[in-house]
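Right, one structure below, let's go through it.
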Amino acid sequence: MDQYNESDVALQDNPQPAATNNTILNNNTNQQPQADYQYQQQHIPQPGIYNSIINSLSGWMKFLGIYTIVIGAITCIGIISAAMGIPLIFAGISLTNASKAIKEYADFNNPNVLYNLFTYLKKYFKIQGIMVIVALALTFVYIVIILVVLALGAYSYMYNY
10 MDQYNESDVA
20 LQDNPQPAAT
30 NNTILNNNTN
40 QQPQADYQYQ
50 QQHIPQPGIY
60 NSIINSLSGW
70 MKFLGIYTIV
80 IGAITCIGII
90 SAAMGIPLIF
100 AGISLTNASK
110 AIKEYADFNN
120 PNVLYNLFTY
130 LKKYFKIQGI
140 MVIVALALTF
150 VYIVIILVVL
160 ALGAYSYMYN
170 Y
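Below is the structure:
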């Protein structure tokens, strides 16, 4: 008895309906519920349809990676702002490497390249996430400082007049 999971069935040229618990319990009768078979038919990938999506994604990833590198380099002009510019450069490099990896996957259809792709994307999103958390924390501190200065100014104004 051959059993396939959904991803195996979707990758076949002529997929056979997968066995379910109902058919196993019913003494292996080959009557597959119609709804399950229709569900499997809807998820069969069409050849060539993903290449245009992957090529477009690769182009946008490369553009944003280069943009991030340039913004990081401009930010590194100042000594204090270099603390934000250097992680941006590393994030941009990681995104351009991910762009190369997804392009290689599209060209050679090598699933081993996907590991590199996801590693680069993980690094990019991790750097961006840390920078967002730091920016939110600094924004909160900035707002607190402004409120304290305004409160002290109002207090000083109130008791001087």
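Residues in the sequence shown are numbered from 10 upward in steps of one, following our numbering.
Think of the CB as a built atom: it goes at the ideal place given N, C-alpha and C, for glycine as much as any other residue.
Same chain, Cβ closer than 7 Å to residue i, five either side skipped, listed in chain order
i	result
L130	A107
N80	With the sequence shown as reference, residue 80 is identified as Ile, and Asn is not the correct amino acid for it. L97, listed in sequence order.
Y133	A100, S103, L104, A107
Q137	A100
A160	none
Inter-residue Cα distance where the pair is residue i and residue j
i	j	result
Y164	T148	24 Å
C85	Y168	46 Å
F192	G162	Nothing about residue 192 can be read from this structure; the chain reaches only from 10 to 170.
V122	A144	33 Å
M140	K109	24 Å
Y151	S90	16 Å
V153	I142	17 Å
L156	A146	15 Å
Y124	A92	30 Å
I88	N118	44 Å
P120	V158	57 Å
Other residues of its chain near residue i: CB distance less than 6 Å, five sequence neighbours each side excluded
i	result
T77	L97, A100, G101
Limits of the alpha helix (DSSP H) - the one that residue i falls within
i	result
I88	Unbroken run through I88: none, as it is neither H nor E.
N118	Where N118 is concerned, there is no enclosing alpha helix (DSSP H), given that its DSSP letter is neither H nor E.
Neighbourhood of residue i by C-beta distance below 8 Å, restricted to the same chain and skipping five residues each side
i	result
Y166	none
I63	I111, K112, Y114, A115
M70	L104, T105, A107, S108, I111
I75	G101, T105
N60	A115
Contact belief for residue i with residue j at Cβ below 8 Å, rounded distance in angstroms
i	j	result
L73	L104	6 Å
A82	G68	That pair is no contact at about 22 Å.
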